[in-house]
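When we follow numbering that gives the first Met the number 0, the leftmost residue of the sequence shown carries the number 0, and every step to the right adds one. Glycine included, each C-beta is placed from N, C-alpha and C at the ideal position. Reviewing the structure listed below.
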Amino acid sequence: MSFAHPWFLALLLALPVLAWLKGRHGQQAAFLYSSVDLLKGVSDISRSSAGRLLPALRWLALGLLIVGLARPQKIDSQTIQKASGVDIVVVLDMSESMRSEDFKLKGQPANRLTVAKEVLRQFIDKRPNDRIGIVAFGAQAYIAAPLTLDHAFLQQNLERLDFGVLDGSRTAIGSALTVALNRLRDVKSKSKVVILMTDGQNNAGQVPPLTATEAAQALGVKVYTIGVGTRGMAPMPTGRVDWLGRKEYRQIPVDIDEDTLKAIAAKTGGQYYRADSTDTLQRIYNEIDRLEKTEVELKKYVHVEEWLHWAVAPGLALLLLETLLAHILWRRLP
Numbered sequence: 000m001s002f003a004h005p006w007f008l009a010l011l012l013a014l015p016v017l018a019w020l021k022g023r024h025g026q027q028a029a030f031l032y033s034s035v036d037l038l039k040g041v042s043d044i045s046r047s048s049a050g051r052l053l054p055a056l057r058w059l060a061l062g063l064l065i066v067g068l069a070r071p072q073k074i075d076s077q078t079i080q081k082a083s084g085v086d087i088v089v090v091l092d093m094s095e096s097m098r099s100e101d102f103k104l105k106g107q108p109a110n111r112l113t114v115a116k117e118v119l120r121q122f123i124d125k126r127p128n129d130r131i132g133i134v135a136f137g138a139q140a141y142i143a144a145p146l147t148l149d150h151a152f153l154q155q156n157l158e159r160l161d162f163g164v165l166d167g168s169r170t171a172i173g174s175a176l177t178v179a180l181n182r183l184r185d186v187k188s189k190s191k192v193v194i195l196m197t198d199g200q201n202n203a204g205q206v207p208p209l210t211a212t213e214a215a216q217a218l219g220v221k222v223y224t225i226g227v228g229t230r231g232m233a234p235m236p237t238g239r240v241d242w243l244g245r246k247e248y249r250q251i252p253v254d255i256d257e258d259t260l261k262a263i264a265a266k267t268g269g270q271y272y273r274a275d276s277t278d279t280l281q282r283i284y285n286e287i288d289r290l291e292k293t294e295v296e297l298k299k300y301v302h303v304e305e306w307l308h309w310a311v312a313p314g315l316a317l318l319l320l321e322t323l324l325a326h327i328l329w330r331r332l333p
């Protein structure tokens, strides 16, 4: 609860002072008698409680009316929505080659998908004011998370992405880029960005990557491309362990179509990056974060419920009760 005009509450401090002054300087009612013998019959009658109750009701009523002047309010909900005007769709390769463990995370070998998700998670945390979506792809592409400012929901969907949720036998880069562009087609953003991460070459889907690039140019979408993987050979887990319980690996060639990724970035005004380590991938996202900045628009929605009547109504009721008691039940002699 809060008050729209809290300074009125200072008047409450004056009530005890006024009550004390009234009791100190007020004239007490009295009768003049020629002889005190006339009062012997009523000398044992106890003092009426009206003298204490009626003033208490009056002061309590004044206190409630002062609280009413301060306008007590209940704030049911307050939402501050910040929208930067930048919409970002991250396109994440989940093909089987992303199982290669040529990266390290916290000093331990880690596959490319795990590292990509961790770095992306940090990137999302750094940009709370952007609408961000995720497209995952292998042989096909699908929307893992729509464009949203609800980054808790976004992080939950990112966490669920893992091998086996789609066909990872091939890599449909063109189709994935097309799905991302469809998410950005009708949005009225200051800046529309796609971040495309892949470790292979386009070998699936109906849309060639450069055809999708032309669509990105027409829509004014900037595409940053990232080739994920070391150079040369990379260790791929075989799914077996040796007699000591250690994972067995086989070496596979790193085959990233850098020419196509560079062309996509160049034609759309983005940049191409090669991520051959966790630190490099982190620096790439930091660079993109630095490049894609804009002013923040703030929208504040507050639902306020006025509680003034909860103070004024009882105050008026107490004043009415005090008046009725003073003139009906506890009438005073004139």
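Restricted to the stretch 56 to 112, the beta strand (DSSP E) segments that are unbroken, complete and at least 3 residues in length are 71 to 82, 85 to 92, 102 to 104 and 107 to 109, listed in chain order.
Nearest neighbour of PRO5 by Cα position, chosen from PRO127, LEU20, GLN72 and ALA60, turns out to be GLN72. Taking C-beta separations shorter than 8 Å and ignoring five residues to either side along the sequence, the partners of MET232 in its chain run GLN250, ILE251, PRO252 and VAL253, following chain order.
Proximity to LYS103 across THR267, ALA265 and PRO234 peaks at PRO234, based on C-alpha coordinates. Counting only runs of 3 or more residues that sit fully inside the stretch 141 to 217, the beta strand (DSSP E) segments are 190 to 197, in chain order. Judged by DSSP secondary structure, GLN281 falls within the alpha helix (DSSP H) whose first and last residues are 277 to 290. The C-beta of ILE74 has fewer than 16 other C-beta atoms within 10 Å across all chains shown, which makes the residue exposed. With a contact defined as Cβ atoms closer than 8 Å, LEU119 and GLY62 miss out at about 58 Å. Nearest to GLY314 by C-alpha distance, out of MET0, ILE65 and ARG169, is ILE65.
The straight-line gap separating the alpha-carbon atoms of ARG111 and SER168 is approximately 16 Å. As the crow flies, the alpha-carbon of ARG273 is around 30 Å from that of ARG245. Straight across, the Cα-Cα distance linking ALA215 with PRO236 is about 36 Å.
Judged by their CB atoms, ALA211 and GLY268 are not nearer to each other than the 9 Å cut-off. A distance of 9 Å or more separates the beta carbons of VAL89 and ARG126.
For the pair THR224 and ILE194, the Cα-to-Cα distance works out to about 6 Å.
Using a Cβ distance threshold of 9 Å, LEU180 and VAL220 count as a contacting pair. For MET196, the closest of ILE123, ALA175 and ASP185 by C-alpha to C-alpha distance is ALA175. Around the beta-carbon of VAL134, 16 or more other beta-carbon atoms lie within 10 Å, marking it buried. In the DSSP annotation of this structure, THR224 is not part of any alpha helix (DSSP H); the continuous beta strand (DSSP E) holding it starts and ends at 220 to 227. Ranked by how close their Cα comes to the Cα of GLN139, the residues LEU146, ASP166 and PHE122 have ASP166 in first place. In the DSSP annotation of this structure, GLY244 is not part of any alpha helix (DSSP H), being labelled neither H nor E.
Beta-bridge partners of MET0 (DSSP): none assigned. Comparing alpha-carbon positions, the option among GLU304, ILE327 and THR322 lying closest to SER1 turns out to be GLU304.
ASP92 is the residue among ILE283, ALA60, ASP92 and ILE131 whose C-alpha sits nearest the C-alpha of PHE162.
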